[in-house]
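Worksheet for the structure shown next.
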Amino acid sequence: MGRLLEVKDLKTYFKTDDGIVKAVDGVSFYIDEQEIVGVVGESGCGKTVTQLSVMQLINRPGRIVGGEIIFEGKNLLEYEQHGPEMRSIRGGKIAMIFQEPMTSLNPVLTLNQQISESLMLHLKMSKEEARKRAIELLGLVGIPSPEERIDDYPHQFSGGMRQRVMIAMGMACNPKILIADEPTTALDVTTQAQLLELMKSMVEQFKSSLVIVTHNLGVVARYAQRIYIMYAGKVVEEGKCKDIFKNPRHPYTVGLLNSVPRLDVEGERLIPIEGLPPNLTQMPPTCAFLPRCPYATEQCRTQPMPELRPVEGEGHKIRCYVDIAEVDNVTVKK
Amino acid sequence: MSQSKNNNEYLLEVKDLKMYFPVTRGLLRRKVADVKAVDGVSFSLKKGETLGLVGESGCGKTTVGRTINRLYKPTAGEIIFQGEDIAQLPEKELKPVRREMAMIFQDPYSSLDPRQSAGNIVGEPLIVHNITKNKDDYYERVERLFQMVGLDPALMNRYPHEFSGGQRQRIGIARALACNPSLIICDEPVSALDVSIQAQIINLLMDLKSEGDKLLTYIFIAHDLSVVKHISDRVAVMYLGRVVEITTPGELYNNPLHPYTQALLSAVPVPDPEIEEKRERIILEGEVPSPLFPPSGCTFHPRCPMATPECSKTIPELRDCGNGHMVACLRV
Amino acid sequence: MPETVVNTETVAEVQPRRSEWKRFRRVFFQRKVAIFALIIICIMIFTAVFAPWLAPYDPNEQNLSNSMAPPSREHLLGTDRLGIDTFSRLIWGARTALIVGFATAFISAAIGTALGMIAGYFGGVISTVIMRFMDALMGFPMIVLALLLAGVLGSGMQNIIIALTVASVPGYVRLMYGMTLSVKENDYILAQRSIGSSSARTIWKHIFPNALQPMIVMLTSALGGIIMAESGLSFLGVGITAPDVAWGSMVADGFKYLQTYPILSFAPGVCIMLVVFSFNILGDSLRDALDPRLRGTL
């Protein structure tokens, strides 16, 4: 499997009143062909901004200030944000679906108009062809009687159905990568399960790659092959899904795993991560997780932000001086 | 402080509670239909117990909580709180009840008045119920409430927008604790918070339970089954305005009887890829029907993998399947 | 009360204070024209308050031997047909304009706010009655309604204030009705009921402060409109009567000599324009500075 997308040292900053918010500060990641990648983090960790930067959907006051986004051998950042190259990639080769489907669907256009639009634009289909393909797609994502419903408006669908429509739109042009930003957060668990299964089968069928951006560790545990854990605008741990869950090495990952109540574990006391996420305008030169870290050492307090370093396990890297495997009294709930 | 007329062990008994919201049309507000948000819910709650109320959006769990808190006037049924049926009490007579029963809301942003300082928000119930003797007493109590929920009393003069989501939820909890109530209805108190903050709030709620001089009783409403399972002594699963299963969390996880509960459990992802691989998933077809036109018989039958023709005719009653494990299903 | 228990999980992190007032000031004073408007209004208020000391002459003192005098050192803006000092009349006119403006604006805002919040909070029959009545009042254009009322009540400052108040109330009722409905949707209102707070307390302490901002904006902008309406009524002769001095009637008086002696109409006209303009600008700037969509940004 070849490398599809490689992001190197991406930096996206937002200029605000209180100073510069380094929403994404030196993030590197890659996506291989036909791979499902999870990006996990809490609100404000930069996981969404990273993906929006890949799509070049960053608007003022935000700006991509550095890095490279290599897709099919070309650096996307060399293209104009609104230029023809970027437009053919957005929606054509890389598609994105968002948390709230209602805001990404145009309420005054029928589904046919919205899905056909991108088919006609990117694949140069005729109106009739596009309509036929749109009906096919709606059928694929499990909309009952798509021939009739294709002329309906978004408000005539429920939340789960709208998200299915979004998936159909995302997959319309057979993209290489589908980025799903918190695709199921606003939905119920049973609907969430339906949609995740659907997305998985869709990307398998279309031989695409899928990026799941989420705060829910459970979601990525089931579907992702590789995971990136983000904190305060940086990747703090990356590796294979199994390695990370079995052998989490960054204190933040350990903290996250310990702080969620689990269905399959009897109710012991949760171990929360103390304190609050840092203020992104006043980042310390040291590790951003330091104030909340229970394993911090003298080195952490005096040295600058650690670089990602490989640890045991294929492609497993952490941004931490401490090796948790050597620290006693670390409890990772199993 | 609790009424002595209450001799039985139950703090709260809900019997066949119904809450219908009329749908009106036209100038004369003619009633055309009812949204049966809650349709015959019964359960009881011992002192000091935590009852988890779980279900998907639109199942009526929030309405149950709000009706018990008498933010709505129920269409029918009894709410026996501390030995007194409060279901139909007029607003004026509810004041002493309100002191004994508090509520924590889901949205830490809209549940705090942006124009009031944190101290005023927390102290508001003290003023409404005229509890404090004088200014010093008031400030002392508010300060203590701040400390109880893990907030620095020095932040009393700050306004809600200056706090983070988790801190705001702590303010909401402090407000609920102000009158030293016996029952707190927690309506999705952690679902708007980040994962790492959720655990802080859950732990806080569990700690507070035994810290006061009075044993707190919770009704914990949430859609997240893992959270509910973690915090509750008993869990009630709701579907379309009815309770379909009530039991202990352990029993619910190990031996779910209702097909809806089984599907719900299997849909909750577990953060462990190895376990996830082995787990079987029951993917439900379709979506929750509208409570405006609920299906006949068992409301779950159109989506139920086990349904028989009988299920569309008879409404199943909640019945005991041993050890207080109650389930409403004809096929069990 | 439970015993004091200091929770061990005290949240140590304290965010820096964010002042809304600071942001408000910055947005507001970014606009030079807002500062200009504010200065004009301050001058007007100062003039109105200290009119007896500032005016060089009595605004009703006639001196027929010196009528229609051109501007001079004694009479800065000359005199009118009856030999009354125009400058003094302008100064006293500011007092009338601002008294009518502020009285009408505040009385109608108070009545409108109360009715609007009651209609919005209680809903049902109460809101139907109040709102339909307001709709009926709104059917008339403000100036027509005021003209009608002034005609019925007769002229004079007090009646003008009553007429203009009746005409401006519906706007406030509508605004506050809408604001109350939207503020009511917030969980903190539900929380207020949940802790057993009375309706009066909830409305006064929680709905009113949260619905206040657009009302202040509307009140400020309306001041210009009211002064305009008062001038219009006075111009038409149903407004302010002697001994009170109104810019509107001054314009009307000078109207006959517009070609030969335009300053008589122009001077009060410019005053009306400046004041109305300033209040409108002030209202606009307030709205921009208070806009919740801008909160936290810029």
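Chains as they are written, first to last, in our numbering: chain A, 391 to 724; chain B, 107 to 438; chain C, 19 to 316.
Every residue gets a Cβ at the ideal spot worked out from N, C-alpha and C, and that includes glycine.
What you are looking at is a predicted structure, and each value in this text was computed from that prediction instead of being measured.
Using a C-beta cut-off of 8 Å, the stretch 443-459 of chain A makes no contact with the stretch 629-642 of chain A, since fewer than three inter-stretch Cβ pairs fall below that distance. By the criterion of at least three beta-carbon pairs nearer than 8 Å, the stretch 416-429 of chain B is not in contact with the stretch 267-287 of chain C.
Under DSSP, Val141(B) forms a beta bridge with Phe127(B).
Against chain A, a Cβ distance below 7 Å from Val301(B) picks out Glu432, His605, Leu646, Ser649 and Val650. Against chain B, the beta carbon of Ala611(A) has neighbours under 8 Å at Pro375, Val376, Pro377, Asp378, Pro379 and Glu382, listed in chain order.
Counting C-beta pairs closer than 8 Å gives fewer than three between the stretch 586-602 of chain A and the stretch 501-520 of chain A, which falls short of the contact rule.
Counting along the chain, the unbroken alpha helix (DSSP H) around Phe64(C) starts and ends at Lys50 to Val67. For Leu394(A), the nearest beta carbon of chain B is not closer than 8 Å to its own beta carbon.
At least one CB of chain B lies nearer than 8 Å to the CB of Ser548(A). Following the DSSP letters along the chain, one finds Gly158(B) inside the beta strand (DSSP E) bounded by residues Thr156 to Val160.
Here the C-alpha atom of Glu432(A) lies approximately 18 Å from the C-alpha atom of Tyr403(A). Closer than 7 Å at the C-beta level to chain B, one finds these residues of the stretch 409-436 of chain A: Glu432 and Ser433. 8 Å or more divides the Cβ of Ile279(B) from the Cβ of Val296(B). Here the alpha carbon of His336(B) sits roughly 26 Å from the alpha carbon of Val603(A). Contact between Ser212(C) and Asn175(B) holds: their C-beta atoms lie close to 6 Å from each other, under 8 Å.
Using a Cβ distance threshold of 8 Å, Leu321(B) and Lys153(B) count as a contacting pair. The CB of Leu177(B) comes closer than 7 Å to the CB of Leu208, Arg211 and Ser212 in chain C, given here in chain order. If you compare the alpha carbons of Leu467(A), Leu511(A) and Gly416(A) with that of Glu697(A), the shortest gap goes to Gly416(A). In this structure, Leu193(C) and Met236(C) form a Cβ contact; the two beta carbons are roughly 6 Å apart against a cut-off of 8 Å. Put simply, the backbone Cα of Glu658(A) is about 50 Å away from that of Met476(A). Within the stretch 618-662 of chain A, the runs of beta strand (DSSP E) that reach at least 3 residues and sit entirely inside it are, in chain order, 624-630. For Leu390(B), the chain A residues whose C-beta falls within less than 9 Å of its own C-beta are Thr580, Thr581, Ala583 and Gln584, listed in chain order. In the three-state reduction of the DSSP assignment, Asp242(B) falls in the helix class.
For Asp205(C), the nearest beta carbon of chain B is closer than 8 Å to its own beta carbon.
Runs of the alpha helix (DSSP H) spanning 4 or more residues and lying entirely within the stretch 92-150 of chain C occur at 104-140, in chain order. Residues of the stretch 231-256 of chain C that bring their beta carbon within less than 7 Å of a beta carbon in chain B are absent altogether.
Residue environment: Lys437(A) is assigned as buried (16 or more neighbouring CB atoms within 10 Å of its CB, all protein chains considered). Annotated three-state conformation of Arg480(A) is strand, per DSSP.
Membership of Ile291(B) in the beta strand (DSSP E) is indicated by the continuous run Leu289 to Asp293.
The C-beta of Trp110(C) has 16 or more other C-beta atoms within 10 Å across all chains shown, which makes the residue buried.
With a threshold of 8 Å between beta carbons, Met432(B) makes no contact with chain C. In the structure shown, Asn465(A) adopts extended strand secondary structure according to DSSP, grouped into three states. By the neighbour-count criterion, in which 16 or more other beta carbons inside 10 Å mark a residue as buried, Arg136(B) falls on the exposed side. Pairing Met152(C) with Gly189(B), the inter-Cα distance amounts to about 48 Å. Residue Leu585(A) holds the alpha-carbon nearest to the alpha-carbon of Val531(A) among Thr676(A), Leu585(A), Gly473(A) and Asp422(A). The residue among Asp408(A), Arg523(A) and Lys401(A) with its C-alpha nearest the C-alpha of Ala622(A) is Lys401(A).
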